[in-house]
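Undergrad:
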Amino acid sequence: MHQPPTAHRIDPATGAMSHATGRYEKRLRDLAGLYADAPAFDRAAQEAGGRIVYAVNEVRPATTRGDLIFGTTFMEPGQIGGEYYMTRGHIHARGNRPETYYGESGQGVMLLETPEGATEIVEIGPKTLVYVPPLWIHRSVNTGPEPLVMSFCYPGDSGQDYEIIARAGGMAKRIVADGDGWAAIDNPTYRPRAAEEIARVYATTD
Ligand SMILES: [Fe+2]
Numbered sequence: 253m254h255q256p257p258t259a260h261r262i263d264p265a266t267g268a269m270s271h272a273t274g275r276y277e278k279r280l281r282d283l284a285g286l287y288a289d290a291p292a293f294d295r296a297a298q299e300a301g302g303r304i305v306y307a308v309n310e311v312r313p314a315t316t317r318g319d320l321i322f323g324t325t326f327m328e329p330g331q332i333g334g335e336y337y338m339t340r341g342h343i344h345a346r347g348n349r350p351e352t353y354y355g356e357s358g359q360g361v362m363l364l365e366t367p368e369g370a371t372e373i374v375e376i377g378p379k380t381l382v383y384v385p386p387l388w389i390h391r392s393v394n395t396g397p398e399p400l401v402m403s404f405c406y407p408g409d410s411g412q413d414y415e416i417i418a419r420a421g422g423m424a425k426r427i428v429a430d431g432d433g434w435a436a437i438d439n440p441t442y443r444p445r446a447a448e449e450i451a452r453v454y455a456t457t458d
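Letter by letter, the sequence shown follows residues 253 to 458 in the working numbering.
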């Protein structure tokens, strides 16, 4: 039995994708705890907590190892206490599954961190494909004045572990506004992972 091949038109401005099979949205109030400036977040959430700040359209043909999940992500521009809007971020539940992101419109960065705490920051924008290798925690950040739209693709059995960031007090770096651009600053609440936590990530790989 062969699955039928499919084609999907992507609107670079909105991330709309034809024949998507799933969609989820994150509202501002869903992102409590992400930003360093909690009072600024509370004020923003009181004013517009129901506002959709990012949305994902996806196709999941199957969640088996040999298949791919792909889709688009749309993120509004904005800041909370000088920190740019970002996704919650995750490592794949099977930690050695990779991912690609392709810039459709807007400007942003992919903030990447190893379980051991090394950071890499890669800019993304139109016509740029970013490769997230196995075993990197990843979060996207909209550093521009327009929505950041990307398409993505990852193995069907990857899964997501969203708690790995919260357990460490956030990621090691935060992406903040700096003049017309962005800067990465140390996150004072970051706690490097203990050896057992790092070993737990590696135990998910095959
Ligand atoms: Fe991912």
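For every residue, glycine included, the Cβ atom is placed at its ideal position computed from N, Cα and C.
As a quick check of your reading: which residues have a C-beta less than 7 Å from at least one non-hydrogen atom of ligand 1, in chain order?
TA: Cβ atoms closer than 7 Å to ligand 1 belong to His342, His344, Glu351, Val384, His390, Tyr406, Ser410, Gln412.
Undergrad: Over what stretch of residues does the alpha helix (DSSP H) that includes arginine 426 continue unbroken?
TA: No alpha helix (DSSP H) holds arginine 426; the beta strand (DSSP E) holding it covers 425-430.
Undergrad: Measure the beta-carbon distance from methionine 327 to serine 403 and round it to whole angstroms, keeping in mind my assumption that it falls under 8 Å.
TA: Methionine 327 to serine 403, Cβ: 13 Å. No contact.
Undergrad: Measure the beta-carbon distance from tyrosine 454 to glycine 347 and round it to whole angstroms, keeping in mind my assumption that it falls under 8 Å.
TA: 7 Å
Undergrad: By the DSSP assignment, the alpha helix (DSSP H) with tyrosine 454 in it spans what residues?
TA: 447-454
Undergrad: Determine the extent of the alpha helix (DSSP H) in which aspartate 294 is found, giving its start and end residues.
TA: Here the alpha helix (DSSP H) through aspartate 294 covers 290-300.
Undergrad: Tell me whether isoleucine 321 is buried or exposed, calling it buried when 16 or more other Cβ atoms sit within 10 Å of its Cβ.
TA: buried
Undergrad: Count the C-beta pairs between the segment 356-374 and the segment 296-306 that are closer than 8 Å, then say yes if the count reaches three, no if not.
TA: no
Undergrad: Tell me whether the segment 338-345 and the segment 309-321 touch, counting them as touching only if at least three CB pairs, one residue from each stretch, are closer than 8 Å.
TA: These segments do not touch.
Undergrad: In the segment 316-391, which residue ranges form an unbroken alpha helix (DSSP H) of at least 4 residues, counting only runs that do not cross its ends?
TA: Contiguous alpha helix (DSSP H) elements confined to the segment 316-391 do not occur, taking only those with 4 or more residues.
Undergrad: Opposite leucine 286 in the DSSP bridges: which residues?
TA: Per the DSSP secondary-structure output, leucine 286 pairs with nothing in a beta bridge.
Undergrad: Roughly how far, in whole angstroms, is the beta-carbon of glutamate 356 from the beta-carbon of isoleucine 262, given that I think they are within contact range, below 8 Å?
TA: 6 Å
Undergrad: Beta carbon of alanine 307, beta carbon of arginine 275: below 8 Å?
TA: yes
Undergrad: Using CA atoms only, rank isn't needed, just tell me which of Ile450, Gln359, Ala268 is closest to glutamate 398.
TA: Gln359
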